[in-house]
Each structure stands twice: as structure tokens, then as C-alpha cells.
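Engineer:
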Amino acid sequence: MASVTDGDIRRYILRTGSMEATAGDFANYAPKYSRQVDRVNARALMRKYMITAIPIVDAEMHILDIVSREETPVKSRASVSLPVVMNVGGKGTRLYAYTKILPKPLIPVGELPIA
Numbered sequence: 037m038a039s040v041t042d043g044d045i046r047r048y049i050l051r052t053g054s055m056e057a058t059a060g061d062f063a064n065y066a067p068k069y070s071r072q073v074d075r076v077n078a079r080a081l082m083r084k085y086m087i088t089a090i091p092i093v094d095a096e097m098h099i100l101d102i103v104s105r106e107e108t109p110v111k112s113r114a115s116v117s118l119p120v121v122m123n124v125g126g127k128g129t130r131l132y133a134y135t136k137i138l139p140k141p142l143i144p145v146g147e148l149p150i151a
């Protein structure tokens with residue numbers, strides 16, 4: 037099990053100065069989690085480590101649920117294998133010729149828009 041947060045991405049960029057990476061380069065392979073049998077302590081772990089969400093896992097480390105600071109529960113969804121494109125910040129100079137006409141998510145890559 038691993039996790040990736042916006043903070044993981046920012047720390048990686050600040051540490052390496054590189055925008056060329058895969059999720060595996062900055063993923064946290066030792067994330068905080070709570071066992072299903074210890075679910076009542078999930079909020080205590082979130083307070084202790086100042087995190088906003090924590091996965092609830094079974095004995096095989098499969099994520100069963102996610103508890104967040106907000107009272108709204110996060111619904112589990114079926115796994116889907118999809119490619120991911122991340123639009124991250126910068127000065128905007130590389131794609132400026134395109135983005136002055138279209139927002140980045142609508143720029144076509146091949147036959148389809150980015151997002």
C-alpha cells in the first residue's frame with residue numbers, strides 16, 4: 037500500500053527540482069492507516085499525526101474505507117485502470133501559445149482533450 041498527497045508532490049519537486057517523475061518516485065510507501073478492528077482510533081491517529089484522512093484496511097492491507105476529518109464518509113469505488121494526466125503549476129510559458137486560446141484541460145492530445 038502507498039499513498040500520494042499534494043504535499044508529497046510538492047516536497048519531491050522542492051527536494052529534486054524535477055518535474056519529470058512517476059508517482060512511484062514520490063509516493064509514501066509507509067502511510068498511516070487504521071485496521072478495521074481498531075476503527076475507533078482512526079480519528080485519534082488523524083489528530084496525532086495532523087492528517088485529514090486515513091484509510092481503514094483489512095488484514096491483507098486492502099483499503100475498505102477512508103475516514104476523513106469531515107463527517108461526510110468517503111465512498112469506496114471499484115478499481116479502474118486509467119492513465120492519469122496531472123496539470124500542475126508553473127510559469128505557464130511552455131504551453132502559452134495553446135493556453136491563451138484554450139484552457140489546458142481542453143487542449144487536444146491526439147484526438148481527445150487532455151482532461
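Using this note's numbering, the letters of the sequence shown map in sequence onto residues 37 to 151.
Glycine residues also receive a C-beta, built at the ideal position from the N, C-alpha and C atoms.
Quick one: what's got a C-beta closer than 8 Å to Leu-152's C-beta in the same chain, skipping five residues either side?
Structural biologist: Missing from the structure shown is residue 152; the chain here goes from 37 to 151 and no further.
Engineer: According to DSSP, is Ala-133 helix, strand or coil?
Structural biologist: Here residue 133 corresponds to residue number 97 of the sequence shown, with the count starting at 1. Looking at Ala-133 - three-state DSSP - the assignment turns out to be helix.
Engineer: So, at 8 Å on beta carbons, what are the nonlocal neighbours of Asn-64 in its own chain, with the 5 sequence-adjacent residues on each side left out?
Structural biologist: Here residue 64 corresponds to residue number 28 of the sequence shown, with the count starting at 1. Annotation for Asn-64: Ala-38, Ser-39, Val-40, Thr-41, Asp-44 place their beta carbon closer than 8 Å to its own, counting only its chain and skipping 5 residues before and after.
Engineer: For Val-103, which three-state DSSP category applies?
Structural biologist: Start at 1 with the first residue of the sequence shown, and residue 103 comes out as number 67. The answer is strand: DSSP assigns Val-103 an E or B state.
Engineer: Between Leu-118 and Gln-72, which are expected to be in contact by the criterion C-beta below 8 Å, what is the C-beta distance as a whole number of angstroms?
Structural biologist: Here residue 118 refers to the residue found at position 82 of the sequence shown. Here residue 72 refers to the residue found at position 36 of the sequence shown. At roughly 27 Å, the Cβ-Cβ gap does not stay under 8 Å, so Leu-118 and Gln-72 are not in contact.
Engineer: Kindly indicate which three-state DSSP category Asp-90 falls into: helix, strand or coil?
Structural biologist: For the purposes of this step, residue 90 is taken as the residue at position 54 of the sequence shown. The amino acid at residue 90 is misidentified as Asp; the sequence shows Ile. Strand, per DSSP.
Engineer: Between the segment 81 to 95 and the segment 54 to 69, do three or more beta carbon pairs fall short of 8 Å?
Structural biologist: yes
Engineer: How many angstroms separate the CA atom of Thr-135 from the CA atom of Val-124?
Structural biologist: In the sequence shown, residue 135 corresponds to position 99, counting from 1. In the sequence shown, residue 124 corresponds to position 88, counting from 1. So the two alpha carbons sit approximately 14 Å from each other.
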